[in-house]
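A quick write-up on the structure given underneath.
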Amino acid sequence: MPAGLYVSVSTAYGQWNTTIKTVMVDSSVPWNESLVIQGRPLTFPQWLMPIFPSTSKAVHIEIRASFETVTLGRGELVGRVETTLEELLMHGKKFEVALSAVKIRPPSLLVRAQRTKIPGPYAASSIQHSEIDVTTDAAHEAYTLYRQSNHRNDLDIALERFQTVLNQCPPGDPHRAAALSNIAHAILYSFTKG
4 MPAGLYVSVS TAYGQWNTTI KTVMVDSSVP WNESLVIQGR PLTFPQWLMP IFPSTSKAVH
64 IEIRASFETV TLGRGELVGR VETTLEELLM HGKKFEVALS AVKIRPPSLL VRAQRTKIPG
124 PYAASSIQHS EIDVTTDAAH EAYTLYRQSN HRNDLDIALE RFQTVLNQCP PGDPHRAAAL
184 SNIAHAILYS FTKG
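Numbering of the sequence shown is given in my numbering, commencing with residue 4 and proceeding in unit increments.
See the structure below:
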């Protein structure tokens, strides 16, 4: 069971995440947060470069499940959509985005977008991904594939990558509990799935 869900927004200018929120009884999650996307490129990891050409106006929006309150990696993908800044601004006040389903029931997201000028230099923080985060994300993706397809090879890849992350988190490391939780969850699920 995830600790909560969060929204990740990626553009050519960087990546921004909402806080992790728990799911309400009616299966909704009210974030009510503002993400400020700068109008000039930021420096971000080289592994993200192929996604966006330098003139790209693409906006990638993902809903992700976090299995711990401090996310190690990006968590499990719940749904995603790609749109443009222009399309978001065109709809302005209310724009319901249907995300492609990773699970049985496709999620949707209500987005409000507006163009504003921020006085002075705005220090928006772009997410900097460490090697541990990238490896954890790759493990989560392989694990999700295994849960959907039951191909043993996907599980082996996920376990190998979760183990790599665990090996990089010695006792006392703040991410060790999350790394242990990730690998334990995958092992237990593989036993229950057969």
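Here a beta-carbon is modelled for each residue, glycine too, at the ideal position from N, C-alpha and C.
Which first and last residues belong to the beta strand (DSSP E) in which residue 92 is found? If you number the sequence shown from 1, residue 92 lands on position 89. Segment 88-94 is the alpha helix (DSSP H) holding residue 92; no beta strand (DSSP E) there.
Could you name the residues of the same chain whose beta carbon sits closer than 6 Å to that of residue 112, not counting the 5 residues immediately before and after it, in chain order? Taking the sequence shown and counting its residues from 1, the one referred to as residue 112 is at position 109. Closer than 6 Å at Cβ, skipping near neighbours: 100.
Using beta-carbon positions only, say whether residue 189 and residue 158 come within less than 8 Å of one another. Numbered from 1 along the sequence shown, position 186 holds the residue referred to as residue 189. Numbered from 1 along the sequence shown, position 155 holds the residue referred to as residue 158. Result yes, Cβ atoms of residue 189 and residue 158 sit closer than 8 Å.
Just tell me which of 148, 23 and 183 has its CA closest to the CA of residue 9. Counted from its first residue, the sequence shown places residue 9 at position 6. For the residues 148, 23 and 183, the minimum Cα distance to residue 9 belongs to 23.
At what residue ranges does the region 109-193 contain a whole run of the beta strand (DSSP E), taking only runs of 3 or more? As far as the region 109-193 is concerned, its whole beta strand (DSSP E) runs of at least 3 residues are 111-114.
If you compare alpha carbons, which of 79, 117 and 70 is closest to residue 89? Here residue 89 is taken as the residue at index 86 of the sequence shown, counted from 1. For residue 89, the nearest C-alpha among the options comes from 117.
Buried or exposed for residue 164, going by 16 or more other Cβ atoms inside 10 Å? Here residue 164 refers to the residue found at position 161 of the sequence shown. By the neighbour-count rule (16 or more Cβ atoms within 10 Å), residue 164 is buried.
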